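S.K.: Numbering (our numbering), first residue to last: 130 to 561. Note that beta-carbon positions come from the ideal geometry of N, C-alpha and C, so glycine has one too. From a predicted model like this one, the values you see are computed outputs, not experimental measurements.
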Ligand code: GLN
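(1) Alpha helix (DSSP H) containing residue 193: first to last residue?
(2) Out of 444, 483, 473, 489, which has the shortest C-alpha to C-alpha gap to residue 457?
(3) Report back the beta-carbon spacing between residue 545 and residue 527 to the nearest angstrom; my notes put them in contact at under 8 Å.
(4) Which residue from 144, 217, 188, 500 puts its Cα closest to that of residue 361?
(5) Which of the three DSSP states is assigned to residue 484 in this structure?
(6) Please state whether DSSP places residue 137 in a helix, a strand or coil.
(7) Quick check on residue 266: does DSSP put it in helix, strand or coil?
(8) So residue 383 packs on residue 434, CB below 8 Å; how close in whole Å?
(9) Under 8 Å: does the beta carbon of residue 288 sit that close to some heavy atom of the ligand GLN?
(10) Cα-Cα, which of 524, 515, 169, 310 is closest to residue 138?
(11) Assuming residue 409 and residue 153 make a contact with CB atoms under 8 Å, what is their CB distance in whole Å?
(12) Would you mind working out which of 517, 287, 477 sits nearest residue 161, comparing C-alpha positions?
(13) In the stretch 464 to 549, which residue ranges form an unbroken beta strand (DSSP E) of at least 3 residues, counting only runs that do not cross its ends?
(14) Counting pairs of beta carbons, one from the stretch 180 to 197 and one from the stretch 381 to 396, are three or more of them closer than 8 Å?
(15) Answer yes or no: the CB of residue 95 versus the heavy atoms of the ligand GLN, is any distance below 8 Å?
(16) Which whole-angstrom value is the C-beta distance of residue 296 and residue 230, which I expect to be below 8 Å?
(17) Alpha carbon to alpha carbon, how far is residue 453 from residue 550? Give it in angstroms, no decimals.
(18) Would you report the Cα separation of residue 202 and residue 242, rounded to the nearest angstrom?
(19) Figure out for me which residue from 228, 257, 258 has the closest Cα to the Cα of residue 246.
(20) What are the boundary residues of the beta strand (DSSP E) that includes residue 90?
(21) For residue 441, which residues from the same chain have a beta carbon less than 6 Å from its beta carbon, with the 5 sequence-adjacent residues on both sides left out?
(22) Skipping 5 residues on each side, what residues in its chain have a beta carbon closer than 8 Å to that of residue 423?
(23) Tell me whether residue 264 is buried or exposed, calling it buried when 16 or more other Cβ atoms sit within 10 Å of its Cβ.
(24) At what residue ranges does the stretch 392 to 430 contain a whole run of the beta strand (DSSP E), taking only runs of 3 or more?
(25) Taking all protein chains shown into account, do 16 or more other C-beta atoms lie within 10 angstroms of the C-beta of residue 460, making it buried, or fewer, making it exposed?
(26) Could you pull the start and end residues of the alpha helix (DSSP H) that residue 557 belongs to?
(27) Taking 8 Å as the cut-off, is the CB of residue 229 close to at least one heavy atom of the ligand GLN?
(28) Mapping DSSP to helix, strand and coil, what is residue 238?
(29) Does at least one heavy atom of the ligand GLN sit under 8 Å from the Cβ of residue 447?
(30) Could you tell me which of 352, 336, 335 sits nearest to residue 343, measuring between CA atoms?
(31) Could you have a look at residue 562 and say whether DSSP puts it in helix, strand or coil?
(32) For residue 147, count the other beta carbons within 10 Å of its own beta carbon; 16 or more makes it buried, fewer makes it exposed. Which is it?
(33) Would you call the stretch 369 to 376 and the stretch 219 to 227 in contact, with 3 or more CB pairs under 8 Å?
(34) Taking the alpha-carbon positions, what's the residue 316 to residue 233 distance?
(35) How many Å lie between residue 257 and residue 209 at the Cα?
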């Protein structure tokens, strides 16, 4: 069977093709030359499959979509506290290039607006020369994309020639001590970072690295710590779309970042990275058609982040009292999906509301993908109560060792087998 996903993406392009509302960015003269009718879309899964349609190989500059990745590197290289002392995390409700600095400290509101992004850039690599900082950005952005990226020199020098506002922001932040190094170098480096050339497939993979909590979907390399990615995604959610952030969160609901060349990336944690491209922009500097495409994806694919937490309803695949191959009667709980607070809660609730008829209780987690820490703690407590308070024998069926070395909260290790027919009779079982 041929996957229908690429055809679906083509439909999304077609359905949003009509109309030529919006203007290409003109404040960077070189960007004004862009062909306004280019359009592309890509979706990358966290295991590295990329679906794409339209001008999928067409390269354009990353611009502000570089900001979340630079923010991640700044945290990696300096620690979160050091970064937070210099750059806030509050939505500014203002345009991307606003002179948005706290009046007493000069601290920019957040790392997604230009002021915060310039200060962020100056932190990448820690205390290194600007040359090394630029090199580190090239290396790491190439690692995120999975291929060697290049700078669009024409866009870089065009923006530099007209970069007075960003230079002004750099000087102001230097005067407050938010930027410690030469502010002109920092702004130049930032503009170079914005001029990296990418296509939608590169961007989708970069976004999928964030969706995969910092582990590259294709190479498998751990590029960022999960805690760093959580910080980045939080800031993308609250500040990624500038003064349209609230509207975006309620309608599209995907942590995102746009760039003035016409790209938008979206990250659905644990699921996919998305990239769309179309150069005509609305008054916020977001791609008009790009926003439409993202709205469509969110609606059709159930991708609004407030809609995706549904596994709890199906955590219990089956519960039955039955005779095991060893001749013993047992109550068997078959669980499935990811065990998080909500799914584990439904298991605990079932145990609470239903008497357990048999001495032997089997938890079959063969179909569980992942056990989060909170779910392990909840299961550990349930194990202790079942065994020590209610006197049950509790057995795990865990062939993939999703909860390897599991202990109850009283420190007892559970019997664990790969298959249900390996469970020995109770009087022959060895209990730790
Ligand atoms: N390089 C651009 C600037 O600093 C990036 C802005 C953007 O993409 N929103 O103005």
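M.R.: Quick look at the numbers:
(1) The sequence position of residue 193 within the chain shown is 64, counting from 1. Taken as a continuous stretch (DSSP letters only), residue 193 belongs to no alpha helix (DSSP H), as it is neither H nor E.
(2) For the purposes of this step, residue 457 is taken as the residue at position 328 of the chain shown. Measuring from the Cα of residue 457, the nearest candidate turns out to be 489.
(3) Your numbering for residue 545 matches position 416 in the chain shown. Your numbering for residue 527 matches position 398 in the chain shown. At roughly 5 Å, the Cβ-Cβ gap stays under 8 Å, so residue 545 and residue 527 are in contact.
(4) Taking the first residue of the chain shown as 1, we reach residue 361 at position 232. Comparing Cα-Cα distances from residue 361 to each of 144, 217, 188, 500, the minimum goes to 217.
(5) What you label residue 484 is simply residue 355 of the chain shown in a count that begins at 1. Three-state DSSP puts residue 484 in coil, outside helix and strand.
(6) Reading the chain shown from its first residue, position 8 is the one you call residue 137. In the structure shown, residue 137 sits in a helix (DSSP, three-state: H, G or I).
(7) Numbered from 1 along the chain shown, position 137 holds the residue referred to as residue 266. The answer is helix: DSSP assigns residue 266 an H, G or I state.
(8) Start at 1 with the first residue of the chain shown, and residue 383 comes out as number 254. Start at 1 with the first residue of the chain shown, and residue 434 comes out as number 305. Residue 383 to residue 434, Cβ: 7 Å. Contact.
(9) What you label residue 288 is simply residue 159 of the chain shown in a count that begins at 1. Yes.
(10) Locating residue 138 in the chain shown gives position 9, where the first residue counts as 1. The alpha carbon of residue 138 has as its nearest neighbour, out of 524, 515, 169, 310, the alpha carbon of 169.
(11) Residue 409 sits at position 280 when you count from the first residue of the chain shown. Residue 153 sits at position 24 when you count from the first residue of the chain shown. Here residue 409 really is in contact with residue 153; their C-beta atoms are around 6 Å apart, less than 8 Å.
(12) Translated into positions along the chain shown, residue 161 becomes position 32. Looking at the Cα atoms, 287 is the closest of the given residues.
(13) Those beta strand (DSSP E) runs which fall completely within the stretch 464 to 549 and span 3+ residues are 489 to 500, 522 to 526, 544 to 546.
(14) Cβ pair count under 8 Å is three or more, so yes.
(15) No answer is possible for residue 95: the residues shown for the chain start at 130 and end at 561.
(16) Your numbering for residue 296 matches position 167 in the chain shown. Your numbering for residue 230 matches position 101 in the chain shown. A Cβ-Cβ distance of about 15 Å is found for the pair residue 296 and residue 230, leaving them out of contact under the 8 Å criterion.
(17) Position 421 of the chain shown, counted from the first residue, corresponds to residue 550. Position 324 of the chain shown, counted from the first residue, corresponds to residue 453. Computed Cα separation, rounded: 7 Å.
(18) Here residue 202 corresponds to residue number 73 of the chain shown, with the count starting at 1. Here residue 242 corresponds to residue number 113 of the chain shown, with the count starting at 1. Near 17 Å, if we compare the C-alpha coordinates of residue 242 and residue 202.
(19) Locating residue 246 in the chain shown gives position 117, counting from the first residue. That would be 228, whose Cα lies nearest to the Cα of residue 246.
(20) No information on residue 90 is available, as it lies outside the stretch 130 to 561 that the chain covers here.
(21) Here residue 441 refers to the residue found at position 312 of the chain shown. Annotation note: pLDDT 49 at residue 441 (below 50); position unreliable, coordinate value reported separately. Only 471, 472, 475 meet the Cβ criterion.
(22) One-based indexing of the chain shown puts residue 423 at position 294. 381, 383, 385, 393, 395, 403, 405, listed in sequence order.
(23) Within the chain shown, residue 264 is the residue found at index 135, counting from 1. By the Cβ neighbour-count rule, residue 264 is exposed, with fewer than 16 other Cβ atoms within 10 Å of its own.
(24) Listed in chain order, the beta strand (DSSP E) runs fully inside the stretch 392 to 430 are 392 to 397, 401 to 406, counting runs of at least 3 residues.
(25) On the chain shown, residue 460 is found 331 positions in, with the first residue counted as 1. With a threshold of 16 other beta carbon atoms within 10 Å, residue 460 meets it and is buried.
(26) Reading the chain shown from its first residue, position 428 is the one you call residue 557. Premise fails: residue 557 is in no alpha helix (DSSP H) and is neither H nor E.
(27) To locate residue 229, count along the chain shown from 1; it is residue 100. Taking non-hydrogen atoms of the ligand GLN into account, the C-beta of residue 229 is found less than 8 Å away from none of them.
(28) Working through the chain shown from its first residue, we reach residue 238 at position 109. Residue state, collapsed to three classes: coil.
(29) Taking the chain shown and counting its residues from 1, the one referred to as residue 447 is at position 318. False, no ligand heavy atom lies under 8 Å from that Cβ.
(30) As a working mapping, residue 343 is identified with position 214 in the chain shown. Taking only the C-alpha atoms, the option nearest residue 343 is 352.
(31) Given a span of 130 to 561 for the chain in the structure shown, any question on residue 562 remains unanswerable.
(32) Locating residue 147 in the chain shown gives position 18, where the first residue counts as 1. So residue 147 counts as exposed.
(33) The stretch 369 to 376 makes contact with the stretch 219 to 227: 3 or more CB pairs, one atom from each, lie closer than 8 Å.
(34) Counted from its first residue, the chain shown places residue 316 at position 187. Counted from its first residue, the chain shown places residue 233 at position 104. Those two C-alpha atoms are separated by around 22 Å.
(35) One-based indexing of the chain shown puts residue 257 at position 128. One-based indexing of the chain shown puts residue 209 at position 80. The C-alpha of residue 209 is placed about 18 Å away from the C-alpha of residue 257.
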